[in-house]
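Written out below as structure tokens is the structure these notes cover.
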Amino acid sequence: MDVRVDDLSVPGPRGRVLAGAKALSVPAGGSLGLAGPSGAGKSTLLFALAGLLPQARGKVLWDGTDLIGLGARARRRMAAQNFGFVFQDFLLFDELGAAANAAAHAMFAPRAQRAAIRTEAAQRLGALGLHEADTRRPAASFSGGERQRIAVARALATRPGVLFADEPTASLDRAAADALINDLTATARAQGITLICVSHDPALLDRMDRVLHMRDGHLAETADA
Amino acid sequence: MPELWDSLPAATQDWLWLAALVAPALVMAAVLLRGFAPAPLVRAMLWRFRWTNLCCIALIAVSIGMGAGVITQERALRDGSARAADRFDMVITAPGSDVTMMLATVYLEITDAPLLNGTLFNEVANHPQVALAAPLAYGDSHMGAPVIGTTEGFVRHLAEGQIEGRMWQDPFEAIVGAAIDLKIGDSFVPAHGLGDAAQEGLHGDRIAVVGRMAPTGSPWDRAILVPAESVWLTHGLADGHAEPGQLGPPFDAEFFPGTPAIVVIPRSLASAYLLRQEFTRDRETMAFFPGAVLGNLHRLMGDVRQAMSVLTLVCQALVAAAVMLSLFILSRLFARQVAVLRALGAPGRFVVAVVWAYAMVLLVAGTLTGLVIGQGAAQLLSAVLSSRTELALNARIGWPELHLAAGFVTLGGALALLPALAALRRPIAEALRGG
């Protein structure tokens, strides 16, 4: 999916703008890195692009459909069908097995789609190096790198058009981070998934097609890869 | 409509009540859970907060158990005491407290009372509306069991004819209640007086046990029945007859030492009211129906029960509030996971369904455990009371307790929507950041 942003802003308290972008676009299957100091508004912009901030203003056009102009239900449906998320601290359901976590969408997806989601989740886990025998173990029993791979499998289980990753390598050691970067970028490229990453990790940002730097809520500079 | 309802069998009415009380919870479940499979997440929440969940379940169980136990026990006591009074259609005593005399005659909580003379006894016994009249003469005991002097007719009436061994043929033979620790063929010397005041060695006559009554489920199971003549002779009085060697009615008024109470079995219901009217005489006699006196007591108990029911409901409301408060806190601790679900595109109804189903598991588990606790507590209490009174108490969870439990679950289910909806209102982005 491609995205085009037009005069996006996320208002905060006392008229402050938490994050904003005058104009921005990412082609379908492309990748965008958002960099900048802590508190610069990177994650806020990411959430706004994903339609998670109802107070956001402006236009975020995904394949021409304005996400911000949609009602809450339509926005949710668009997210469920097209977006995948990976978070810094994984945000898995620790008590559930790896397979159940990766297939989390199946709990609320229409009955007809559940088997397909579970199959896709299992395949993703396998592709990311998690053996089937291990996938019943609670998520809490895996290492950080493995848990982030479970989170990636969850994000990809619905075959999304866009993958949002918020500091995906921040909780991992270097080796695990490098492995994840390879998996993430290779999968996105192979499947034509648009990848939008917030990160401080130069190794990840180097693999993005384009990196935008943010400061005080605004895009400060652009560096195309 | 009320006529239609009244025409339904009691069991059908109870089932319909239960269905009506459970129906709202089932409707909520159907509306919220339809099309979703939230069980893994609910299990995850149950496991994550397992100790808090156990505390919530215990809190609910104790509250429901207390309510169910109190109602069950009260009903068992009411039914048991009413069954015990069944065999005592009417009692005639000297004027006084009908409650005291009912407790003395039906429940053998024996108390001193003025004696009725032989003329009055014969007037009652020979009345055309009387099927059976028997004196109850008491004052002695053996090993804590009261020794009651009466007639063969009353023993047969009390035991419904089920007597092991044989009926007495001598003033110093006895029929024992089912709970008395004496075998047929044993003998004993009664002590003078009852309870702690009983004095051994004052009486010399030995009484032989010749029969045993089948259990009656009343305090009479721990009584020793002897001919009235036995009690009178033991105390050095006349034996009620002009000629020696006679046993049982008719009694000679001149040789009748007196009896504190006469049990009367009227020929019919109409006879009963006629006799009560006839033998209720100012400063002479008091005739009463133990069942009616008991009914008044039950009405009083009913008021107490209502007060206790209100207290139970207040207790349950407080417990429900405490559980809801903890659900608010727990759902807040689960806020990041809820936010992830919503970021993944889970509908709001799914989030509400997860929190609501989790709350319902606690409510239903606590309620079922509470019913088991209530049943156990009522049975334990009944066993203690039965051993002390010999009243046959059948403490079983019944429809009122099931209705109470169903109402609690449904009300709790409705209240559980509040934390569930609150979970939905938290901003997603803020919750994802752990705010």
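Quick note, the sequences are listed as chains B and D, same order. The first sequence begins at 471 in the numbering used here and counts up one residue at a time. The second sequence begins at 14 in the numbering used here and counts up one residue at a time. Glycine is no exception: its CB is placed at the ideal position from the N, C-alpha and C atoms.
Original post:
Whole-angstrom Cβ separation of residue 123 (chain D) and residue 379 (chain D), contact assumed at under 8 Å?
Top reply: Position 110 of the second sequence holds residue 123 (chain D). Position 366 of the second sequence holds residue 379 (chain D). A Cβ-Cβ separation of about 46 Å leaves residue 123 (chain D) out of contact with residue 379 (chain D) under the 8 Å criterion.
Original post:
The alpha helix (DSSP H) spanning residue 361 (chain D) covers which residue range?
Top reply: On the second sequence, position 348 is the one that residue 361 (chain D) refers to. In the DSSP assignment, residue 361 (chain D) falls within the unbroken alpha helix (DSSP H) covering 361-402.
Original post:
For residue 21 (chain D), does the three-state DSSP call read helix, strand or coil?
Top reply: In the second sequence, counting from the first residue as 1, residue 21 (chain D) sits at position 8. Residue 21 (chain D) falls in the coil class under three-state DSSP.
Original post:
What residue does the alpha helix (DSSP H) around residue 244 (chain D) start on, and which one ends it?
Top reply: Mapped onto the second sequence, residue 244 (chain D) falls at position 231. Annotation for residue 244 (chain D): the continuous alpha helix (DSSP H) segment containing it runs 241-247.
**OP:** Can you give me, in chain order, the residues of the stretch 610-621 of chain B that have a beta carbon less than 7 Å from any beta carbon in chain D?
**Re:** Flagged: no residues at all.
**OP:** May I ask you to list, following chain order, the residues of the stretch 352-383 of chain D that have a beta carbon less than 7 Å from some beta carbon of chain C?
**Re:** The chain labelled as chain C is not found among the protein chains of the depicted structure, namely B and D.
Original post:
Which first and last residues belong to the beta strand (DSSP E) in which residue 275 (chain D) is found?
Top reply: The residue given as residue 275 (chain D) occupies position 262 in the second sequence. First-last of the beta strand (DSSP E) with residue 275 (chain D): 274-279.
**OP:** Report buried or exposed for residue 156 (chain D), applying the criterion of at least 16 other Cβ atoms within 10 angstroms of its Cβ.
**Re:** The sequence position of residue 156 (chain D) within the second sequence is 143, counting from 1. It is exposed - the Cβ of residue 156 (chain D) has fewer than 16 other Cβ atoms within 10 Å.
Original post:
Taking Cβ positions, are residue 143 (chain D) and residue 187 (chain D) nearer each other than 9 Å?
Top reply: Residue 143 (chain D) sits at position 130 when you count from the first residue of the second sequence. Residue 187 (chain D) sits at position 174 when you count from the first residue of the second sequence. No, these two residues do not count as a Cβ contact at 9 Å.
Original post:
Roughly how many angstroms lie between the CA atoms of residue 161 (chain D) and residue 217 (chain D), to the nearest whole one?
Top reply: Mapped onto the second sequence, residue 161 (chain D) falls at position 148. Mapped onto the second sequence, residue 217 (chain D) falls at position 204. Between the alpha carbons of residue 161 (chain D) and residue 217 (chain D) lies a distance of about 17 Å.
Original post:
Could you give the uninterrupted runs of the beta strand (DSSP E) lying entirely in the stretch 92-142 of chain D, keeping only those of 3 residues or more?
Top reply: Segments of the beta strand (DSSP E) lying fully in the stretch 92-142 of chain D: 103-106.
**OP:** Give the residues from the stretch 563-579 of chain B that approach chain D closer than 8 Å (Cβ to any Cβ), ordered along the chain.
**Re:** Correct list: 563, 564, 565, 566, 570, 574, 575, 576, 577 and 578.
Original post:
Do residue 42 (chain D) and residue 389 (chain D) have their CB atoms nearer than 9 Å?
Top reply: The residue labelled residue 42 (chain D) in the question sits at position 29 within the second sequence. The residue labelled residue 389 (chain D) in the question sits at position 376 within the second sequence. No, they are not a contact pair.
**OP:** Check residue 154 (chain D) in the structure and name its three-state DSSP category.
**Re:** Translated into positions along the second sequence, residue 154 (chain D) becomes position 141. Here residue 154 (chain D) sits in strand by DSSP.
Original post:
Using the C-alpha atoms, what's the distance from residue 417 (chain D) back to residue 189 (chain D)?
Top reply: Numbered from 1 along the second sequence, position 176 holds the residue referred to as residue 189 (chain D). Numbered from 1 along the second sequence, position 404 holds the residue referred to as residue 417 (chain D). The straight-line gap from Cα to Cα measures roughly 43 Å.
**OP:** Measuring only between beta-carbons, confirm whether residue 64 (chain D) sits less than 9 Å from chain B.
**Re:** As a position in the second sequence, residue 64 (chain D) is number 51, starting the count at 1. False, the Cβ-Cβ gap to chain B never drops below 9 Å.
**OP:** For residue 40 (chain D), count neighbouring C-beta atoms within 10 Å of its own C-beta (all shown protein chains included) and say buried if the count is 16 or more, exposed if not.
**Re:** By 1-based counting over the second sequence, the position of residue 40 (chain D) is 27. The residue is exposed, with fewer than 16 neighbouring Cβ atoms inside 10 Å.
Subject >> Stretch pair the stretch 567-581 of chain B + the stretch 534-542 of chain B: three plus CB contacts closer than 8 Å >> reply: Too few Cβ pairs lie closer than 8 Å, so no.
Subject >> Backbone secondary structure at residue 695 (chain B) - three-state DSSP >> reply: For this step, residue 695 (chain B) is matched to residue 225 along the first sequence. With a pLDDT of 43 at residue 695 (chain B), under the threshold of 50, the predicted position of this residue should be treated as unreliable, though the coordinate-derived value follows. Three-state DSSP puts residue 695 (chain B) in coil, outside helix and strand.
Original post:
Name the chain D residues that come within less than 9 Å of residue 546 (chain B), Cβ to Cβ?
Top reply: For this step, residue 546 (chain B) is matched to residue 76 along the first sequence. At a C-beta separation below 9 Å, residue 546 (chain B) has these neighbours in chain D: 355, 358, 359, 360 and 361.
Subject >> As assigned by DSSP and simplified to three states, the class of residue 161 (chain D) >> reply: For this step, residue 161 (chain D) is matched to residue 148 along the second sequence. DSSP places residue 161 (chain D) in strand when its eight states are reduced to three.
Original post:
In or out: residue 695 (chain B) buried (at least 16 other Cβ within 10 Å) or exposed?
Top reply: In the first sequence, counting from the first residue as 1, residue 695 (chain B) sits at position 225. Its pLDDT being 43, under 50, residue 695 (chain B) is placed unreliably by the model, and nothing is read from it.
Original post:
residue 349 (chain D) versus chain B: which residues are under 7 Å apart at the beta carbon?
Top reply: Within the second sequence, the letter at position 336 stands for residue 349 (chain D). Per Cβ cutoff of 7 Å: 561.
**OP:** Starting from residue 212 (chain D), follow its DSSP beta bridges and name the residues at the other end.
**Re:** The residue given as residue 212 (chain D) occupies position 199 in the second sequence. Answer by DSSP bridge pairing, in chain order: D:205.
**OP:** Tell me whether residue 548 (chain B) is buried or exposed, calling it buried when 16 or more other Cβ atoms sit within 10 Å of its Cβ.
**Re:** For this step, residue 548 (chain B) is matched to residue 78 along the first sequence. When all chains shown are included, residue 548 (chain B) counts as buried.
**OP:** Compute the Euclidean distance between the alpha carbons of residue 287 (chain D) and residue 303 (chain D), then round it to the nearest angstrom.
**Re:** Counting from one through the second sequence, the residue named residue 287 (chain D) turns up at place 274. Counting from one through the second sequence, the residue named residue 303 (chain D) turns up at place 290. Linking residue 287 (chain D) to residue 303 (chain D) through their CA atoms gives a straight-line distance of about 16 Å.
Original post:
Can you tell me whether residue 601 (chain B) is buried or exposed, with buried defined as 16 or more other CB within 10 angstroms of its CB?
Top reply: In the first sequence, counting from the first residue as 1, residue 601 (chain B) sits at position 131. Residue environment for residue 601 (chain B): exposed (fewer than 16 other C-beta atoms within 10 angstroms of its C-beta).
**OP:** Determine the burial state of residue 174 (chain D): buried for a count of at least 16 other Cβ atoms within 10 Å of its Cβ, exposed for fewer.
**Re:** By 1-based counting over the second sequence, the position of residue 174 (chain D) is 161. By the 10 Å Cβ count, residue 174 (chain D) comes out exposed.
Subject >> For residue 670 (chain B) and residue 341 (chain D), the rounded distance between their alpha carbons >> reply: Numbered from its first residue, the second sequence carries residue 341 (chain D) at position 328. Numbered from its first residue, the first sequence carries residue 670 (chain B) at position 200. Per the coordinates, the alpha-carbon of residue 341 (chain D) lies some 36 Å from the alpha-carbon of residue 670 (chain B).
Original post:
How many angstroms separate the CA atom of residue 524 (chain B) from the CA atom of residue 328 (chain D)?
Top reply: One-based indexing of the first sequence puts residue 524 (chain B) at position 54. One-based indexing of the second sequence puts residue 328 (chain D) at position 315. A straight-line Cα-Cα distance of about 42 Å links residue 524 (chain B) and residue 328 (chain D).
Original post:
Is there a Cβ from chain B that is less than 9 Å from the Cβ of residue 435 (chain D)?
Top reply: In the second sequence, counting from the first residue as 1, residue 435 (chain D) sits at position 422. Residue 435 (chain D) does not count as touching chain B.
Subject >> Integer-rounded CB distance, given that residue 244 (chain D) should sit under 8 Å from residue 152 (chain D) >> reply: Working through the second sequence from its first residue, we reach residue 152 (chain D) at position 139. Working through the second sequence from its first residue, we reach residue 244 (chain D) at position 231. Residue 152 (chain D) to residue 244 (chain D), Cβ: 7 Å. Contact.
Original post:
Taking C-alpha atoms, which residue in D:181, D:234 and D:351 lies nearest to residue 172 (chain D)?
Top reply: In the second sequence, the residue the question calls residue 172 (chain D) occupies position 159. Nearest of D:181, D:234 and D:351 to residue 172 (chain D), Cα basis: D:234.
Original post:
Three or more beta-carbon pairs under 8 Å between the stretch 330-338 of chain D and the stretch 515-529 of chain B, yes or no?
Top reply: Output reads no: the stretch 515-529 of chain B does not touch the stretch 330-338 of chain D.
Subject >> residue 512 (chain B) in three-state terms, based on DSSP >> reply: As a first step, residue 512 (chain B) must be located in the first sequence, where it is residue number 42. Correct three-state label for residue 512 (chain B): helix.
**OP:** May I ask whether a heavy atom of the ligand PLP can be found less than 8 Å away from the beta carbon of residue 267 (chain D)?
**Re:** What this structure holds is no ligand at all, so the ligand PLP is not there to describe.
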